[in-house]
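Here the structure is laid out as structure tokens; the discussion comes afterwards.
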Amino acid sequence: MHTDLKLALTHLARGELLQLRNGRGKGVAVFDGHVWVTQDSDPQDHVLSPGESFAVERSGLVIVQALSDASLLVFDLDTSPGTAAPAHADSKSAASREHHEKPAWVEVYLEARRQRALAIGDAIGRGFAALGRLWLRLRNRVGSDVSGARPAVHGR
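167 is the number of the first residue of the sequence shown in this note's numbering; add one for each residue after it.
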């Protein structure tokens, strides 16, 4: 198990635990598998699937347990207050910037969805390639059986 937060992904085998001490300000995004997340003083537990994320908003211990083999990302949430725009800034451009800027968790969620879509597309492509190879083998086998057959002679 890799628990170094500098690594891009943390891999957990089924049943394996990851502990985040004083997890406030951290986020967990699941890329593969399913995990169970529980935290101190929170009566609600959370089960995350691929493409889902969880933001830790409480101080204390957070436990992440893999319900199946899982790959996840533990990241820092951007909890710093936004910088105020200068008083002379154009309100239209400030509103436009605000509208186009996405919170950090949205970026992680979108990246997780993108990677999931790529993995699904890759699996489908491999499946079609295997089906094509099978079709060629069957066609060649049937073609050789037909070409080697002798015509039946009737009436003798």
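Built from N, CA and C at the ideal position, the CB exists for glycine as well.
DSSP state of Q210 mapped onto helix, strand, coil: Residue 210 sits at position 44 when you count from the first residue of the sequence shown. If DSSP states are grouped into helix, strand and coil, Q210 belongs with coil.
Alpha carbon of L210 to alpha carbon of P216, nearest angstrom: In the sequence shown, counting from the first residue as 1, residue 210 sits at position 44. In the sequence shown, counting from the first residue as 1, residue 216 sits at position 50. The sequence shown places Gln at residue 210, rather than the Leu named in the question. Each residue's Cα considered, the two are about 20 Å apart.
Nearest to D206 (by Cα), restricted to the options G293, G287, A289, E223: Sequence index remark: in the sequence shown, residue 206 carries index 40 (1-based). Selected option, being the one with the closest Cα: E223.
Stretch-stretch touch, CB-based, cutoff 8 Å, three pairs: the stretch 233–240 with the stretch 186–205: In this structure the stretch 233–240 touches the stretch 186–205; the number of beta carbon pairs closer than 8 Å is three or more.
Closest Cα partner of D242 within the set F294, F220, R299, T204: Within the sequence shown, residue 242 is the residue found at index 76, counting from 1. Ranking F294, F220, R299, T204 by Cα distance to D242 puts F220 first.
Where the beta strand (DSSP E) through L178 begins and ends: As a working note, residue 178 is residue 12 in the sequence shown. L178: member of the beta strand (DSSP E) spanning 176–178, first to last residue.
G287 in three-state terms, based on DSSP: By 1-based counting over the sequence shown, the position of residue 287 is 121. Taken through DSSP and simplified to helix, strand or coil, G287 comes out as helix.
Spatially closest choice to A179 from K192, I290, W202, A278, by CA coordinates: Counting from one through the sequence shown, the residue named residue 179 turns up at place 13. The shortest Cα separation from A179 among K192, I290, W202, A278 belongs to W202.
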